[in-house]
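Visitor: 23 is the number of the first residue of the sequence shown in this note's numbering; add one for each residue after it.
Backbone N, C-alpha and C define an ideal beta-carbon position, used for all residues, glycine too.
These numbers come from a predicted model, not from an experiment.
Structure incoming, see below.
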Amino acid sequence: MGLGRRFRAVATAYVGMALLAAGAAVAQERQVPQSQDQMLLSFAPVVQSAAPAVVNIFTKRKVAQRNVLSPLFNDPFFKRFFGDQFGGQTRERLQSSLGSGVIVSPDGVIVTNHHVIKGSHEITVVLPDRREFPAELVLSDERTDLAILRIDPRGEVLPVIELRDSNDIEVGDLVLALGNPFGVGQTVTSGIVSALARTHVGIADFSFFIQTDAAINPGNSGGALVTMDGKLIGINTAIFSSGGGGSIGIGFAIPSNMVRTVIQGAETGRLVRAWTGFVGQNLTAELAEGLRLSRPGGVVVNRIFDGGPADLAGLETGDVILSVNGQDVFDAESLQFRVATQPIGGDAEIEVSRDGERLALAMPLTEPPEVPARNEILLEGTHPLAGAVVASLSPALAEELDRPGAWDGVIIVRVLRGSPAHRVRFRTGDILLAVGDQEVSESTELDAQLRDQTGSEALQVTFSRDGQRRSVTFQ
């Protein structure tokens, strides 16, 4: 038997035994290679197991394009006086884009990134064997940058990749990234887990990523990050690039535990996440010293919603949350992730530091209530807020809009262009708190108060913008 064939035989036997022992992978000790033979082992069995479930996703979206009659019409000075009336006709064209996806159910459920299919007019899924299927968008969640598609396999059982608990992995574990970079066809790159719980990446609201040095390039988005037991540990999402657009060894994947939550939301038709019912801030070195803690890291509770999960658990203002279900909490983003990936209905074990002592509290995992009902209303009349579309704030709406702690008041969800509200520069996201000396808590109440104020000499509106309270009087 030739030397190369011997190495491959050894590799196949070794990886095959690893696959059989996958159920005990967590309990096994991780070991570095002990010999040259071990360093020459092949990833082929893992790839053969996972690759059939990694698909290509082709999308088409409608894009408006203006046919410019002359470059002069694009000049800002010219547009200032004549607008767009001489800019030519606007026509729609189809723009194509490419991404990857992972089959997670044998009946055709596929996970990909939200940004891969955003605004798509048509979605086509291409399997590794080149078969093509039209895809239906089941759910798309911008906050996690995940989307769920479904294809009709026409009675055939499709290959899948099983999800693994992303809390099990450690820095240094080997991983493979599968996808279709640059449209060249399915490729595989290998690397290790470089870091866990990466927050402040700026990719999605739920910023909590697995970092890997396995090459992730354009077109890999939505592809699979798998471990050596052939299970899905994350969905490849983004890279850190120096400007050339290619991989430089810093890639990010959404952990499988968040992926599982979004899949469950697609199955029930309603994506609901548990919430904490409090507002906190990151524990800095200065705060840690003042609270007699040995190191920074954790979340300080600043404000608690009456009757919410934190209140029911017995949390108090000034408590420092250190872990959730035994998983360390480093900042507000990691706390949000730990709670959001827990199923509704149970309890989460919260470890807190209070006055120098550590306590274990049970926090109920409930969905945020929509009380009061949002009652979205277009404000009309002769007042400065006419043309603003407003809704009553509640914990549910605050979570939906990613406005933690915005539990009271009426929020502007949209401003009609050219309306009085637009002309006086009210913005989407402004929270209206009072009209005159009367506080407002519901949209219908605000509408009635504004109608009563019509014709008065002056109108004072108190609102919050970017966390700052403001008051403006309109004559």
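Between the alpha carbons of Q364 and A370, how many angstroms are there, rounded?
Guide: Taking the straight line from one Cα to the other gives about 8 Å.
Visitor: Cβ atoms of V301 and N324: under 7 Å apart, would you say?
Guide: Yes.
Visitor: Can you tell me the Cα-Cα spacing of V462 and A384, whole angstroms?
Guide: Approximately 35 Å between the Cα atoms of the pair.
Visitor: For chain C, find out if any of its Cβ atoms is closer than 7 Å to the Cβ of N258; answer yes or no.
Guide: Of the protein chains in the structure, only one exists, and it is not chain C.
Visitor: According to the neighbour-count rule (16 or more other Cβ atoms, all chains shown, within 10 Å of its Cβ), is L159 buried or exposed?
Guide: When all chains shown are included, L159 counts as exposed.
Visitor: Check whether the Cβ atoms of A418 and P390 sit closer than 7 Å, and answer yes or no.
Guide: Yes, Cβ-Cβ distance for A418 and P390 is below 7 Å.
Visitor: Between E422, R295, R396, which has its C-alpha nearest T466's C-alpha?
Guide: Minimum Cα distance to T466 is reached at R396.
Visitor: On the three-pair Cβ rule with 8 Å, is the segment 72-87 touching the segment 135-143?
Guide: The segment 72-87, when compared against the segment 135-143, does touch it at the 8 Å Cβ threshold.
Visitor: With respect to the alpha helix (DSSP H) encompassing Q303, which residues constitute its N-terminal and C-terminal limits?
Guide: Not the alpha helix (DSSP H): Q303 falls in the beta strand (DSSP E), residues 300-304.
Visitor: Quickly, what does DSSP pair P181 with across the bridge? List them, please.
Guide: Paired residue(s): none; P181 is not in a bridge.
Visitor: Report the option in G367, R436, R380, L120 whose CA atom is closest to the CA atom of T388.
Guide: Here the closest residue by C-alpha is G367.
Visitor: Does Q56 pass the burial test, meaning 16 or more other C-beta atoms within 10 Å, or should it be called exposed?
Guide: Exposed is the call here.
Visitor: Distance check for S118 and L315, CA to CA, integer angstroms please.
Guide: Rounded to the nearest angstrom, the two C-alpha atoms are 54 Å apart.
Visitor: Verify the contact flag: D195, CB atom, against every heavy atom of the ligand NAP, threshold strictly below 6 Å.
Guide: Judged by which ligands are present, the structure shown has none, so any question about the ligand NAP falls away.
Visitor: Taking all protein chains shown into account, do 16 or more other C-beta atoms lie within 10 angstroms of the C-beta of A382, making it buried, or fewer, making it exposed?
Guide: A382 comes out exposed.
Visitor: What are the residues that DSSP puts in a beta bridge with N324?
Guide: Answer is none; N324 lacks a bridge partner.
Visitor: Name, in chain order, the residues that DSSP records as bridge partners for T495.
Guide: T495 is bridged to Q482.
Visitor: I434 and G451 look like a contact to me (Cβ under 8 Å); what is the Cβ gap, rounded to whole Å?
Guide: Confirmed, about 7 Å.
Visitor: Give the straight-line distance between the Cα atoms of L309 and L218, rounded to the nearest whole angstrom.
Guide: Going by the C-alpha atoms only, they are around 25 Å apart.
Visitor: How about the segment 158-173 and the segment 125-133: do they share at least three Cβ pairs that are nearer than 8 Å?
Guide: Yes, the segment 158-173 touches the segment 125-133.
Visitor: Of all the options A413, H405, L455, which has the alpha carbon lying nearest to the alpha carbon of R445?
Guide: Nearest of A413, H405, L455 to R445, Cα basis: H405.
Visitor: Assuming I255 and V248 are in contact, meaning their beta carbons sit under 8 Å apart, how far apart are those beta carbons, in whole angstroms?
Guide: Between V248 and I255 the Cβ distance is about 6 Å, and since that is below 8 Å, they are a contact.
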